[in-house]
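J.: Attaching a single structure in structure tokens format; questions to follow.
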Amino acid sequence: MPWGSAPAEADQVTALVEEISTDSSPESAASGLYRLQALFSSAKQETLMELMEIGGIEAIVASMTAHLRSASVQANGCRALSSFISAEGGTGLGFIELTKLHLSCGNAVYQSGGIKAILAAMKAHLRTEDVQKQGLTVLSGICHPLERDRLWSAEDGVIGAVVSAMRAHPGSVGVQEQGCKSLTMVYGVEYAAKVVAAGGVEAVVAAMTAHNGTFPLEYACGALSNVASAGYEAKVAAAGGIEAIVAALRTCSVPFYGCEALWKIAHADANLLVAVAKAGAADVLEAAIPLARYTEAGDDIAELVVKLRSVKTPLTVDAMNVVERSRL
20 MPWGSAPAEA DQVTALVEEI STDSSPESAA SGLYRLQALF SSAKQETLME
70 LMEIGGIEAI VASMTAHLRS ASVQANGCRA LSSFISAEGG TGLGFIELTK
120 LHLSCGNAVY QSGGIKAILA AMKAHLRTED VQKQGLTVLS GICHPLERDR
170 LWSAEDGVIG AVVSAMRAHP GSVGVQEQGC KSLTMVYGVE YAAKVVAAGG
220 VEAVVAAMTA HNGTFPLEYA CGALSNVASA GYEAKVAAAG GIEAIVAALR
270 TCSVPFYGCE ALWKIAHADA NLLVAVAKAG AADVLEAAIP LARYTEAGDD
320 IAELVVKLRS VKTPLTVDAM NVVERSRL
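What follows is the structure, given as structure tokens:
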């Protein structure tokens, strides 16, 4: 039956779930998964709920597990999961209803072993850019602010997988953007320590340096801000994060995260304040004040600009030692 003549969304879902069953060929599974992701993008809320009821997410995960060696199955499986958790549920849903839908979909993927399947796919196909990009897209999308603590802490290896993907594909805009977005969802001392240990700070700074102007760097700034908030301000500075953030703020249309990161680093100690001043942060922060004037950050940024303008001395030996110790 031609795709356009399918009688109803529910019937399409049922047929595609059968098509991706574990006894299907990799080619058939990859095709069915690709068409599922296309269906999810426009599916109504009722269709998404029915998919969960008939075990559709479990079927996607099972198909990925059964065909782990197939890069196309893994990439399209991740596409399907990403489309599912970001589905709009048809027209007319308000913000609260849409948020509840996304939480339900994300929880269904988590409960069905979706994160484990994604990590397995990324490990098995580290050199396949499409698998890494699609896997990161699901990870960044599933960690909704209301759920991210539980989802990130529940699975070991998530942060390592994100950083490995970024290292393996430094020239891929999609991998770098989704990697930075994924790491933005990590906050708190425990998670920040894992990011630092995995080399995440260096990976984010490398992405910002190589791709400034090719994708929005707000998420990258957010990732560095989260790490700085957990007491790793000097680590961010040692990796070249101050300079990368200053450069990003020259192109960011939403500068809040970058301003927040510089504020946290500058207030860590006097030596890092000097380092922020030397990077030329005062000018970009001052330019960002009008964009932040309707938030609590506006006054803080203005005060920081005054402090930075008052810094006249070059980087001291103590300041250089702080940065150097963080490299160890």
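Quick note: to get the numbering used here, add 19 to the position in the sequence shown (first position is 1).
Quick reminder that beta carbons are idealized off the backbone N, C-alpha and C, glycines included.
It should be emphasised that the depicted structure is a prediction, and the values quoted were computed from it without experimental measurement.
Here's a check: name, in chain order, each residue in its chain whose Cβ is nearer than 7 Å to the Cβ of V214, leaving out the five neighbours to either side.
T.: Translated into positions along the sequence shown, residue 214 becomes position 195. The answer, listed in chain order, is I178, L202, V205, V220, V246.
J.: Keeping to the same chain, check which residues put their C-beta closer than 8 Å to that of Q151; ignore five residues upstream and five downstream.
T.: Here residue 151 refers to the residue found at position 132 of the sequence shown. Excluding sequence neighbours, Q151 sits near M141, H144, L145, A184, A187, H188, S191, V194.
J.: Might you give, ordered along the chain, the residues of its own chain that have their beta carbon closer than 7 Å to the beta carbon of G277, omitting 5 neighbours on each side?
T.: For the purposes of this step, residue 277 is taken as the residue at position 258 of the sequence shown. Counting only Cβ-Cβ distances below 7 Å, and skipping sequence neighbours, we find C240, I264, A267, L268, C271.
J.: Look at L100 and G133 and say whether their C-beta atoms are less than 8 Å apart.
T.: Mapped onto the sequence shown, residue 100 falls at position 81. Mapped onto the sequence shown, residue 133 falls at position 114. Their beta carbons are under 8 Å apart, which means L100 touches G133 by this criterion.
J.: Once DSSP output is grouped into helix, strand and coil, what is the label at W22?
T.: Within the sequence shown, residue 22 is the residue found at index 3, counting from 1. Below a pLDDT of 50, predicted positions are generally treated as unreliable, and W22, at 40, falls in that range; the measurement from the model is reported next regardless. W22: helix per DSSP, three-state reduction.
J.: Short of 6 Å in beta carbon distance, which residues of its chain neighbour T156, apart from the five on each side in sequence? Order them along the chain.
T.: Numbered from 1 along the sequence shown, position 137 holds the residue referred to as residue 156. The answer, listed in chain order, is S101, Q197.
J.: Would you please state the rounded distance, in angstroms, between the beta carbons of E322 and K283? I believe it to be under 8 Å.
T.: Taking the first residue of the sequence shown as 1, we reach residue 322 at position 303. Taking the first residue of the sequence shown as 1, we reach residue 283 at position 264. Actually they are not in contact, since the Cβ atoms of E322 and K283 sit about 14 Å apart, beyond 8 Å.
J.: Across which residues does DSSP place N231 in a beta bridge pair?
T.: In the sequence shown, counting from the first residue as 1, residue 231 sits at position 212. DSSP lists F234 as partners of N231.
J.: Using a Cβ-Cβ cutoff of less than 6 Å, which residues in the same chain neighbour A85 once the five nearest sequence positions on both sides are dropped?
T.: In the sequence shown, the residue the question calls residue 85 occupies position 66. Taken in chain order, the residues that qualify are T41.
J.: Rounded to whole angstroms, how far is the Cβ of I73 from the Cβ of V128, which I believe are closer than 8 Å?
T.: As a working note, residue 73 is residue 54 in the sequence shown. As a working note, residue 128 is residue 109 in the sequence shown. With a Cβ gap of about 15 Å, I73 and V128 do not count as contacting.
J.: Indicate the three-state DSSP secondary structure (helix, strand or coil) for M339 in the structure shown.
T.: Along the sequence shown, read from residue 1 onward, the residue named residue 339 stands at position 320. Caution is warranted here: a pLDDT of 49 is assigned to M339, below 50, making its placement in the model unreliable, and no coordinate value can be reported.
J.: When burial is assigned at 16 or more other CB atoms within 10 Å of the CB, is G113 buried or exposed?
T.: What you label residue 113 is simply residue 94 of the sequence shown in a count that begins at 1. G113 should be labelled exposed.
J.: Can you tell me whether M71 is helix, strand or coil according to DSSP?
T.: As a first step, residue 71 must be located in the sequence shown, where it is residue number 52. Looking at M71 - three-state DSSP - the assignment turns out to be helix.
J.: Grab me the residues of E237's own chain with a C-beta within less than 7 Å of its C-beta, minus the 5 sequence neighbours each way, in chain order.
T.: Taking the sequence shown and counting its residues from 1, the one referred to as residue 237 is at position 218. Within the same chain, E237 has close Cβ partners C271, V273, Y276.
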